[in-house]
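Residues 1 to 219 in the working numbering are what the sequence shown lists, from first letter to last.
Taking it in order: structure first as structure tokens, then the write-up.
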Amino acid sequence: MAEEVILLDFWPSPFAMRVGIALREKGVEFDLREEDLSNKSPLLLKMNPVHKKVPVLVHNGKPVCESLVIVEYIDETWVRRCPLLPSDPYERACARFWADYVETKTYSAARKVWPSTGEAQEVAKKEFIECLKVLEGELGDKAYFGGERFGYVDVSLVPLYSWFYALEASANFSVAEECPKLVAWAKRCMQRESVAKSLPDQYKVYEYMLELKKKIRAQ
């Protein structure tokens, strides 16, 4: 019996991008279903009744929620191709630590940059850049966060690259000037088909951000 793999997606969501990257790295065929978050589908509400948000992976009728949990599920389910987490327990723990840093520190810092203004935006921008510098320090001179192999931490962070232009334009700074090695890493990741097919155009993301700002101001 053929496997049924459905990804409930919202195109600007970096969290949903993670899942797309992981599935494509593994060569898994899947049905990508775009959600309208202002009018959530019955399937989304059924498959994620707790948070009611994307991404959701539906594998043979069973839902898996939360992006990093989904990425680990994909890695453990389709084990024969492109392992994302290291086999060594210590290295695996380190990868989870840095993915958690990306999740709890870096993304939360990024979310504060674009909607804010004035002094609040300067504080948010400083916090975001500091997070990126910490990650750049961990990356060092390696090709990827795990060394020569694209893996779990790369999957967790690289979707944010699609938002760099929007963040830079909204707060007047340059990630490339602040963290050149990190941008070089992101461009290296973009050479992978799995990443290139999963990340939207940065200017499309910027237009989406402008629309969000208008809605916030109108409230």
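From the three backbone atoms N, C-alpha and C, an ideal C-beta is built for every residue, glycine too.
Taking one beta carbon from each stretch, the region 75-83 and the region 132-140 have fewer than 3 pairs nearer than 8 Å; the two do not touch.
Partner residues in the beta bridge of Tyr144, as assigned by DSSP, are Gly147. For Cys82, there is no enclosing beta strand (DSSP E), as DSSP marks it with neither H nor E. Apart from sequence neighbours up to five positions away, the residues of its chain that approach Glu4 with a beta-carbon distance below 6 Å are Asn60, ordered along the chain. In the DSSP annotation of this structure, the continuous segment of the alpha helix (DSSP H) that includes Arg111 starts and ends at 107-113. Bounds of the beta strand (DSSP E) holding Val56 are 56-59. Three or more beta-carbon pairs separated by less than 8 Å link the region 169-182 to the region 114-130, which places the two stretches in contact. Taking Glu29 as reference, the option from Val123, Gly151, Gly20, Phe150 with the minimal CA-CA separation is Gly20.
For Lys181, the enclosing alpha helix (DSSP H) has its first and last residue at 180-190. Straight-line measurement puts the Cα of Gln191 at about 10 Å from the Cα of Lys197. Take Glu25, set aside five residues on each side of it, and the residues of its chain with a beta-carbon closer than 6 Å to its own are Cys82, Ser194, in chain order. Contact annotation: Leu132 and Ser162 have beta-carbon atoms that are not nearer than 8 Å. Per the C-alpha coordinates, the member of Leu7, Arg217, Ala2 positioned closest to Thr117 is Arg217. For Pro63, the enclosing beta strand (DSSP E) has its first and last residue at 62-65. With a cutoff of 8 Å on beta-carbon distance, Pro55 and Leu8 are scored as near each other. For Thr104, the number of other beta carbons within 10 angstroms of its own is below 16, and it is reported as exposed. Cβ contact annotation for Lys46 (same chain, cutoff 7 Å, sequence separation greater than five): none. The count of Cβ pairs closer than 8 Å, one atom from the region 204-212 and one from the region 37-45, stays below three, leaving the stretches out of contact.
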